[in-house]
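**Student:** Line order of the protein sequences matches chains A and B.
For the record, in the first sequence the residue sitting at position 72 is 71 according to numbering that gives the first Met the number 0, with numbers rising by one throughout.
For the record, in the second sequence the residue sitting at position 55 is 54 according to numbering that gives the first Met the number 0, with numbers rising by one throughout.
Virtual Cβ for every residue (Gly too), placed ideally from N, Cα, C.
Below is a structure I'd like to ask you about.
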Amino acid sequence: MAWTRDQMAARAARELQDGFYVNLGIGIPTLVANFIPEGMDVRLQSENGMLGMGPFPYAGEEDADLINAGKQTITALPETSFFSSADSFGMIRGGHIDLSILGAMQVAENGDLANWMIPGKMVKGMGGAMDLVAGVKRVVVVMEHEAKGQAKLLRECNLPLTGKRVADLVITDLGVFSIARRGETDMRLIELADGVSLDEITAKTEARFTLALEEKAA
Amino acid sequence: MRKVRSNAAEALADVLADGMTIMSGGFGLCGIPEALIEGIEASGAKGLTVISNNAGVDGIGLGRLLATRQIRKMISSYVGENKLFAEQYLSGELELEFNPQGTLAERIRAGGAGIPAFFTKTGVGTLIAEGKEVRRFGEDDYVMETGLVADVSIVHAWKGDPEGNLVYRMTARNFNPMMATAGKVTIAEVEHLVETGSFDPDHIHTPGIFVDRLIHVANPTKHIEQRTVRQRGEEVA
Numbered sequence: 000m001a002w003t004r005d006q007m008a009a010r011a012a013r014e015l016q017d018g019f020y021v022n023l024g025i026g027i028p029t030l031v032a033n034f035i036p037e038g039m040d041v042r043l044q045s046e047n048g049m050l051g052m053g054p055f056p057y058a059g060e061e062d063a064d065l066i067n068a069g070k071q072t073i074t075a076l077p078e079t080s081f082f083s084s085a086d087s088f089g090m091i092r093g094g095h096i097d098l099s100i101l102g103a104m105q106v107a108e109n110g111d112l113a114n115w116m117i118p119g120k121m122v123k124g125m126g127g128a129m130d131l132v133a134g135v136k137r138v139v140v141v142m143e144h145e146a147k148g149q150a151k152l153l154r155e156c157n158l159p160l161t162g163k164r165v166a167d168l169v170i171t172d173l174g175v176f177s178i179a180r181r182g183e184t185d186m187r188l189i190e191l192a193d194g195v196s197l198d199e200i201t202a203k204t205e206a207r208f209t210l211a212l213e214e215k216a217a
Numbered sequence: 000m001r002k003v004r005s006n007a008a009e010a011l012a013d014v015l016a017d018g019m020t021i022m023s024g025g026f027g028l029c030g031i032p033e034a035l036i037e038g039i040e041a042s043g044a045k046g047l048t049v050i051s052n053n054a055g056v057d058g059i060g061l062g063r064l065l066a067t068r069q070i071r072k073m074i075s076s077y078v079g080e081n082k083l084f085a086e087q088y089l090s091g092e093l094e095l096e097f098n099p100q101g102t103l104a105e106r107i108r109a110g111g112a113g114i115p116a117f118f119t120k121t122g123v124g125t126l127i128a129e130g131k132e133v134r135r136f137g138e139d140d141y142v143m144e145t146g147l148v149a150d151v152s153i154v155h156a157w158k159g160d161p162e163g164n165l166v167y168r169m170t171a172r173n174f175n176p177m178m179a180t181a182g183k184v185t186i187a188e189v190e191h192l193v194e195t196g197s198f199d200p201d202h203i204h205t206p207g208i209f210v211d212r213l214i215h216v217a218n219p220t221k222h223i224e225q226r227t228v229r230q231r232g233e234e235v236a
């Protein structure tokens, strides 16, 4: 029994802190917005030029001038601000965003991350991913543990990188790993998903990791 | 200061030439200068290098210039929504340079501000940094990226006045303000042409010095790529 997409998103939401400015990627990371704890103030940034992103609009109230980075119609909030792409990436590159939650194709034990291109396939582009992983203070990856039976947590990425040593935390359907971005390579398994055994996660992980399982909070 | 032109054809008439570099504002289909793109289509100018975050979709925006094969090269961060793009790229007809989105935005900002190059940590240790100077500042490595300028920049704004002062609306701002600064000739299309003096000077996003020409495109059709909605009464996160 591994975690569902919603459970992974809920786990990622535990990385949020009151007052955080957060950028959420497309896919499971977008679901994290549904799990922001009651009473916690979090501001969502959309890299196309918006801070304080609201929910989807009601049918009939969509505005073509108001979209998120996934080109989806959204809404503004009382605290919303709009700005240019240069200002937006100034926030990102300048370390003003506290947390980036994004997906990945591969993550290596040293924090290398690949999520933008598969050689030989049509490449769509990296969009803002390289800027986000390079500039945001803390980078949390949420992804399936394996892709078609292939490990995604590797000793070294074999896909072209999005960033070198940029992942701080990886949440998969099987568990949670912390990674050191500086100094010696240091990847630790800190949580197992409900009903997942250490044997199973070890068998499905190529990256080398140490055990640092914490007592689960009740 | 005769900046106002009657339509896209007149605004573009004496500035386009084959082989030019053109910046085109917008993110996805949001805030794109659609009338001016169609003006370029009608002009037949070809062999163009187009700098734009995306490449439109089939039949809309820059997708139209791909269909007519007027574009030789794109400099973009994400082109996933365009089938024609994939075909032309894979057949070798179309050249493509990917830039990280923030690097693209900053290259344009720098170009418009007279800065020939800058260092960024985005892309260090990736394909993007290959062949570029990497320098260490403090404890980190940074890659050198160059500023970008264009022969012609085309941008979309919500409101403009005859001075060329522009105001954008919500996320339709995106790349437009930087591109307005980086064109040798910058042409804006505005949804509302307002009288000089009607803007609060404190609220102008792009000062008129950056805008050479503008056209009024009233009630433009706007396109939504991903229509996402919630139901009434639905829990709001």
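Let me see if you follow: with CB-CB separation under 9 Å, is Gln71(A) close to chain B or not?
**Tutor:** yes
**Student:** Can you pull the chain B neighbours of Lys163(A), defined as C-beta to C-beta under 8 Å?
**Tutor:** Simply Val123, Gly124 and Thr125.
**Student:** Distance, Cα to Cα, Ala44(B) vs Ala34(B)?
**Tutor:** 15 Å
**Student:** For Asp17(A) and Gly93(A), I'd like the C-alpha separation in whole angstroms.
**Tutor:** 21 Å
**Student:** Measure the alpha-carbon distance for Ala216(A) versus Glu190(A) and round it to whole angstroms.
**Tutor:** Confidence at Ala216(A) is low in this model, with a pLDDT of 48, below 50, so its placement is unreliable and the value that follows should be read with caution. Distance between the alpha carbons of Ala216(A) and Glu190(A) is about 11 Å.
**Student:** Between Lys165(B) and His204(B), is the Cβ-Cβ spacing less than 9 Å?
**Tutor:** The residue asked about is misnamed: residue 165(B) is Leu in this sequence, not Lys. For Leu165(B) and His204(B), yes; Cβs fall inside 9 Å.
**Student:** The ligand GDP and Arg4(A): does any heavy atom of the ligand fall closer than 8 Å to the residue's C-beta?
**Tutor:** What this structure holds is no ligand at all, so the ligand GDP is not there to describe.
**Student:** Output needed for Asn109(A): all residues of its chain with C-beta closer than 6 Å, excluding positions within five of it in sequence on either side, in chain order.
**Tutor:** Arg164 and Thr184
**Student:** Any chance the stretch 144-164 of chain B sits against the stretch 188-208 of chain B, with 3 or more Cβ pairs inside 8 Å?
**Tutor:** yes
**Student:** Just by C-beta distance, which residues in the stretch 4-29 of chain B are closer than 7 Å to chain A?
**Tutor:** Flagged, chain order: Phe26, Gly27 and Cys29.
**Student:** Looking at the structure shown, is Gly72(B) part of a helix, part of a strand, or coil, going by DSSP?
**Tutor:** Reading off the sequence shown, one finds Lys at residue 72(B), where the question assumed Gly. Collapsing the DSSP output to three states places Lys72(B) in a strand.
**Student:** Should Thr170(B) be labelled buried (16 or more other beta-carbon atoms within 10 Å of its own) or exposed?
**Tutor:** buried
**Student:** Is it buried or exposed, Phe136(B), if we count other Cβ atoms within 10 angstroms and call 16 or more buried?
**Tutor:** The residue in question, Phe136(B), is exposed, as its Cβ has fewer than 16 Cβ neighbours within 10 Å.
**Student:** Taking all protein chains shown into account, decide if Gln69(B) is buried (16 or more other Cβ within 10 angstroms of its Cβ) or exposed.
**Tutor:** Gln69(B) comes out buried.
**Student:** At which residue ranges does the stretch 104-186 of chain A contain complete beta strand (DSSP E) runs of 3 or more residues, listed in the order of the chain?
**Tutor:** 105-107, 137-141, 168-170 and 174-178
**Student:** For the stretch 196-214 of chain B, which residues have a CB atom closer than 9 Å to at least one CB atom of chain A, in sequence order?
**Tutor:** His204
**Student:** So Leu168(A) packs on Ile200(A), CB below 8 Å; how close in whole Å?
**Tutor:** Their Cβ separation, rounded to whole angstroms, is 15 Å, which puts Leu168(A) and Ile200(A) out of contact at 8 Å.
**Student:** Within its chain, find whatever has a CB closer than 8 Å to the CB of Asp130(A); leave out the 5 residues flanking it on each side and keep chain order.
**Tutor:** Contacts found: Glu46, Phe88, Ile91 and Arg92.
**Student:** Exposed or buried, which one is Ala59(A) when buried takes at least 16 other CB atoms within 10 Å?
**Tutor:** Reading the sequence as shown, one finds Gly at residue 59(A) and not Ala. Classification for Gly59(A): exposed.
**Student:** Could you run through the stretch 39-57 of chain A and flag, in chain order, every residue whose CB is less than 7 Å away from some CB of chain B?
**Tutor:** Glu46, Asn47, Gly48, Met49, Pro54, Phe55, Pro56 and Tyr57
**Student:** What did DSSP end up calling Asn53(B) once you bin it into helix, strand or coil?
**Tutor:** coil
**Student:** Look at Leu153(A) and Ile117(A) and say whether their C-beta atoms are less than 9 Å apart.
**Tutor:** no
**Student:** Buried or exposed for Leu11(B), going by 16 or more other Cβ atoms inside 10 Å?
**Tutor:** buried
**Student:** Let me know if Arg108(B) comes out buried or exposed under the rule of 16 or more other beta-carbons within 10 Å of its beta-carbon.
**Tutor:** buried
**Student:** I'd like the ranges of any alpha helix (DSSP H) spanning at least 4 consecutive residues and lying wholly in the stretch 154-215 of chain B.
**Tutor:** 175-181
**Student:** Quick one: which residues of the stretch 149-181 of chain B get their C-beta closer than 7 Å to a C-beta of chain A? List them in chain order.
**Tutor:** Arg168, Met169, Thr170, Ala171, Arg172, Asn173, Phe174, Pro176 and Met177
**Student:** So, Val141(A) versus Leu101(A), is the Cβ gap smaller than 9 Å?
**Tutor:** yes
**Student:** Residue range of the alpha helix (DSSP H) that Ala11(A) falls in?
**Tutor:** For Ala11(A), the enclosing alpha helix (DSSP H) begins and ends at Arg4 to Ala12.
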